Amino acid sequence: MIVQIQGNVGFSITLDPTVWIFDDRKIELEQAFYDGDQEQQRNEEQDVWDRNEYQQKLRPPVNQSVTRYNRKKVLENSYVMPIHHFLKNAEPNHDANEAILHTANGDYTITFEQLEQSYLLFSIDGKPLTENGPVHVIFNDGSNKDAPFTGVEHISIV
Numbered sequence: 001m002i003v004q005i006q007g008n009v010g011f012s013i014t015l016d017p018t019v020w021i022f023d024d025r026k027i028e029l030e031q032a033f034y035d036g037d038q039e040q041q042r043n044e045e046q047d048v049w050d051r052n053e054y055q056q057k058l059r060p061p062v063n064q065s066v067t068r069y070n071r072k073k074v075l076e077n078s079y080v081m082p083i084h085h086f087l088k089n090a091e092p093n094h095d096a097n098e099a100i101l102h103t104a105n106g107d108y109t110i111t112f113e114q115l116e117q118s119y120l121l122f123s124i125d126g127k128p129l130t131e132n133g134p135v136h137v138i139f140n141d142g143s144n145k146d147a148p149f150t151g152v153e154h155i156s157i158v
């Protein structure tokens with residue numbers, strides 16, 4: 001249930017999507033695909049994350065007080081995690097231009113830019129993706145929302 005990012009990066013990293021359910025950076029699947037009016041709000045939220053990036057390197061932002069309501073909500077919804085948080089920590093080299101998604105069904109090549117702007121679906125109805133998991137890759141524009149890259153176990157940066 002882990003995902004490795006390696007290749008043309010400064011640091012190879014291993015991700016454990018099973019703990020992201022408690023991470024404040026997660027986004028509800030239904031909220032992940034904004035229309036034009038909500039893009040401003042998304043940019044403002046991104047600015048907050050960028051200002052606090054040094055704290056994320058020390059420890060990820062974890063919701064310290066999960067209320068009973070939030071706990072129930074977490075166990076009922078589907079969530080994605082923006083991958084750019086993790087790519088920054090891997091420190092891709094300046095010449096990185098492609099990413100290979102290694103899945104149980106074969107390998108798929110996408111541009112590095114597409115990867116940077118993608119989401120990792122890690123939870124459906126509050127449960128980790130045990131079938132076709134550990135994560136699915138969905139582009140942030142939602143163009144492959146109905147047919148994401150499933151069963152992604154490893155990502156190679158080229």
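So for the sequence shown, the UniProt record's numbering puts the first residue at 1; every next one is plus one.
Ideal Cβ positions, reconstructed from N, Cα and C, are used throughout, including at glycine.
This one's a predicted model, so the numbers in the text were calculated from it and none came from an experiment.
CA nearest to the CA of residue i, picked from the options
i: F122; options: H102, I138 and G142; result: I138
i: E116; options: Y79, L87, I124 and N105; result: L87
i: E30; options: M81, W20 and V9; result: M81
i: N140; options: W20, I124, N97 and I83; result: I83
i: V9; options: L129, T130 and N97; result: N97
Beta-carbon spacing of residue i, residue j below 8 angstroms
i: G126; j: E91; result: no
i: H94; j: R25; result: no
i: I157; j: G7; result: yes
i: M28; j: Y79; result: Note that residue 28 corresponds to Glu in the displayed sequence, not to Met. Contact flag set, yes.
Chain-order list of residues whose beta-carbon lies under 6 angstroms from that of residue i (same chain, five-residue window excluded)
i: H154; result: Q4 and H102
i: K145; result: I138
i: P128; result: T18
Close beta carbons around residue i, own chain, < 8 angstroms, minus the five adjacent residues each side
i: V152; result: V3, L101, H102, T103, L120, P134, V135, H136 and V137
Burial state of residue i (16 or more Cβ within 10 Å)
i: S118; result: buried
i: F149; result: buried
i: A99; result: buried
i: A147; result: exposed
For residue j and residue i, believed in contact at Cβ under 8 angstroms, the rounded distance
i: M1; j: T18; result: 5 angstroms
i: G142; j: F33; result: 4 angstroms
i: F22; j: N89; result: So it is not a contact: roughly 18 angstroms between Cβ atoms.
Sequence-distant residues of its chain with Cβ nearer than 7 angstroms to residue i (five each side left out)
i: N132; result: T150 and G151
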